[in-house]
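Numbering (the numbering used here), first residue to last: 39 to 417.
A virtual CB, placed ideally from N, CA and C, is assigned to each residue, including glycine.
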Amino acid sequence: MPARPALPRFGIEEEFFLLDPASLDLARDVPLGFSHACRGVLGEEVAEEIFQCQYELVSPVLRQLDEAAAFLSDRRRRLRAISRSHGLETLCVAAHPFTHPHSQPPAFRARYQRLFDEAGVVARQSLLCGLHVHVEVRGIDRVRVMNRVLPWMPLLLALSASSPFWGGRDTGLVSYRQSLCGEWPRMGPPVQFTDESQWRRYIALLLQYGLMHEPGHAWWFLRPSAHYPTLELRIPDACPRIDDALCIAGLFRLLVSQARETHEPEEPNWQRALLAENFWQARRHGCAGHFLVEGDQVVSARDWLQRAEAAVEDWRDDESQRLFTHAARIIEGGNSADRQRMAYQSARGKGQTDAAALIAVVHHLLAENRLAAGAVARG
C-alpha cells in the first residue's frame with residue numbers, strides 16, 4: 039500500500055481591530071508611533087489593513103499545526119502588549135458589535151486610499167476582519183484543485199462565523215461580514231475557471247484594461263494566490279478563539295490534500311448552484327443550516343462534517359481526529375456568533391440595557407481572545 043502524501047506547508051493570516059479600552063469601541067485616534075512599534079517587535083509578521091484601526095498578523099511558512107499554535111499564541115500576546123503600551127486593546131473578531139460603520143478613517147497608504155476613492159461606501163463600511171489560510175499546491179493545476187475543494191467552503195464559514203451584530207443591531211445572520219463582502223467586485227465565490235491558464239488570462243485582461251490595479255484584487259473567498267504557490271482560503275470570519283482558527287486551518291489543509299488526489303466535480307454548473315445555496319445557509323444559519331450535498335440530499339452541519347472526515351480518511355491520524363473533534367464541538371456548542379448572542383441575551387436577562395449588553399459581548403470576545411491554544415494542535 040503506497041504511503042500517503044505528506045501534508046503540505048501552510049501559512050495563516052489573522053486580522054485584528056484596535057479598541058479604545060475605555061469605551062470598547064474601535065479606536066479613532068491610533069498613535070502615529072503604533073505602526074513603527076509593531077514593526078520594531080514583529081517585523082514583517084504584522085501589516086496594516088485598510089483602516090487605521092485594523093492590523094494583520096502574518097505567519098511564516100509553517101509545517102506543523104503546533105507551530106501555528108505557538109505562532110498565534112505568541113504573536114497575539116505581543117500585539118496585545120504593544121497595543122496596551124499605546125493605550126489601545128486588540129480584538130480578533132469579524133465585526134465589532136456596536137461601532138458605527140462609517141466612523142473610521144482609512145489607513146494612510148496610497149493603495150488603500152485608492153480603494154476608498156474607487157469603492158466609495160462599499161469600502162467605508164468594510165470594517166471587517168477575516169482569517170486567511172494559505173496551503174501550498176505544487177506540481178498540479180491550482181484551479182483544478184480549487185474547483186474540487188470549493189464545495190466545502192460553506193462548512194468552514196459555518197464553523198468560523200463571528201459577525202452576528204452590526205452597528206449595534208442583530209443582523210439575523212451569523213456572518214454578516216460575508217454579506218458585506220458580496221458588495222465588492224470579485225469577492226464571494228470564485229469565477230468558474232477551467233484551469234489555471236484561464237485564470238491567468240482573466241487576471242491579465244482586467245489588469246490590461248485598468249479594471250483592477252493589482253493581481254491580488256481578485257478577492258474571492260477561495261483563490262490561487264497571485265504571489266505564492268498556494269491556494270488561499272478567505273471565506274472564514276476572524277476567530278476570537280485560537281483553537282477555532284487552528285481547527286479551520288487544519289481542516290482546509292486536509293481538504294486541499296484530498297482534493298489533489300480526486301477528480302473534477304461532475305456537473306460543475308449544478309455544483310455551483312448547490313454552492314450558492316449552501317453559502318447562504320452558512321452565513322444565515324451557520325451550524326444550524328441545512329446543506330445540499332452529493333446525491334441531492336440535505337444534511338445537517340454535523341452530518342456534513344462526518345462526510346468531510348470520511349473524505350480525508352487517507353490522512354487520518356491523531357491530529358486529524360483532534361481537528362474533527364473540535365469542529366464537532368463547535369457545531370454542538372455554537373460558533374462565535376452563537377456565543378456572542380448568548381452573551382448578549384445573558385446580559386439582557388440580568389436587566390442590562392441594550393448598549394450595556396453589547397459592551398458585555400465585547401468583554402466576552404476579549405476573554406476568548408486571551409484563551410491559550412488548547413488541545414487542537416497538541417500531540
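Unbroken beta strand (DSSP E) run spanning residue i, endpoints
i: Q335; result: 335-338
i: A85; result: 84-86
i: Q92; result: 92-96
i: F55; result: 48-57
Spatially closest choice to residue i from the options, by CA coordinates
i: E221; options: W257, I241, E234; result: W257
i: Q296; options: R186, R340, R379, R147; result: R186
i: R321; options: G371, R416, F259; result: F259
i: D281; options: N373, V181, A398; result: N373
i: Q90; options: R42, D58, V99; result: D58
i: A314; options: P139, G226, R408; result: G226
i: E82; options: I88, F72, V171, L95; result: L95
i: P211; options: F48, P135, G412, L169; result: The sequence given here has Leu at residue 211, not Pro. Of the listed residues, the one whose Cα sits closest to L211 is P135.
i: L169; options: H140, S123, F55, I241; result: F55
i: A287; options: L243, A365, L166; result: A365
i: R152; options: S61, G248, Q390, N407; result: G248
i: R122; options: A326, A60, E370, A276; result: A60
i: R101; options: V173, D155, L80; result: V173
i: R279; options: A413, E87, A394, D392; result: A413
Burial state of residue i, where buried means 16 or more other Cβ atoms lie within 10 Å
i: A119; result: exposed
i: E53; result: buried
i: Y93; result: buried
i: E270; result: buried
i: S164; result: buried
i: R360; result: buried
i: G324; result: buried
i: P274; result: buried
i: M39; result: The predicted model places M39 with a pLDDT of 44, which falls under 50 and marks its position as unreliable; any figure quoted below should be read in that light. The residue is exposed, with fewer than 16 neighbouring Cβ atoms inside 10 Å.
i: E347; result: buried
i: G49; result: buried
i: L70; result: exposed
i: H402; result: buried
i: Q236; result: exposed
i: T137; result: buried
i: T209; result: buried
i: L243; result: exposed
First through last residue of the alpha helix (DSSP H) which encompasses residue i
i: E406; result: 392-407
i: V79; result: 72-80
i: L197; result: 191-198
i: E332; result: Looking at the DSSP string, E332 is not in any alpha helix (DSSP H), and its letter there is neither H nor E.
i: N316; result: 306-323
i: D352; result: No alpha helix (DSSP H) holds D352; DSSP gives it neither H nor E.
i: D376; result: 374-387
Residue-level contact to chain D via CB, residue i, 9 Å cutoff
i: P228; result: Judged by its chain identifiers, the structure shown contains no chain D, having just a single protein chain.
Quiz item: Counting only runs that start and end within the stretch 99-184, where is the beta strand (DSSP E) found for 3 or more residues in a row?
Solution: 127-129, 169-174
Exercise. Report yes or no: do three or more beta-carbon pairs, one from the stretch 105-118 and one from the stretch 191-208, lie closer than 8 Å?
Key: no
Exercise. Check whether the stretch 206-221 touches the stretch 328-345, taking contact to mean three or more Cβ pairs, one atom from each stretch, closer than 8 Å.
Key: no
Self-check item: Inter-stretch contact at 8 Å, needing at least 3 Cβ pairs: the stretch 334-353 / the stretch 287-303
Solution: yes
Quiz item: Residue ranges of each beta strand (DSSP E) run of no fewer than 3 residues wholly in the stretch 217-291, ordered along the chain?
Solution: 260-262, 268-271
Quiz item: With contact counted as at least three CB pairs below 8 Å, one residue from each stretch, are the stretch 336-346 and the stretch 247-254 in contact?
Solution: no
Quiz item: Can at least three beta-carbon pairs, one atom from the stretch 129-140 and one from the stretch 196-207, be found at a separation below 8 Å?
Solution: yes
Quiz item: Between the stretch 225-232 and the stretch 306-314, do three or more beta carbon pairs fall short of 8 Å?
Solution: yes
Quiz item: At a cut of 8 Å, does the stretch 63-80 reach the stretch 173-182 through at least three beta carbon pairs?
Solution: no
Quiz item: Counting pairs of beta carbons, one from the stretch 72-81 and one from the stretch 375-386, are three or more of them closer than 8 Å?
Solution: no
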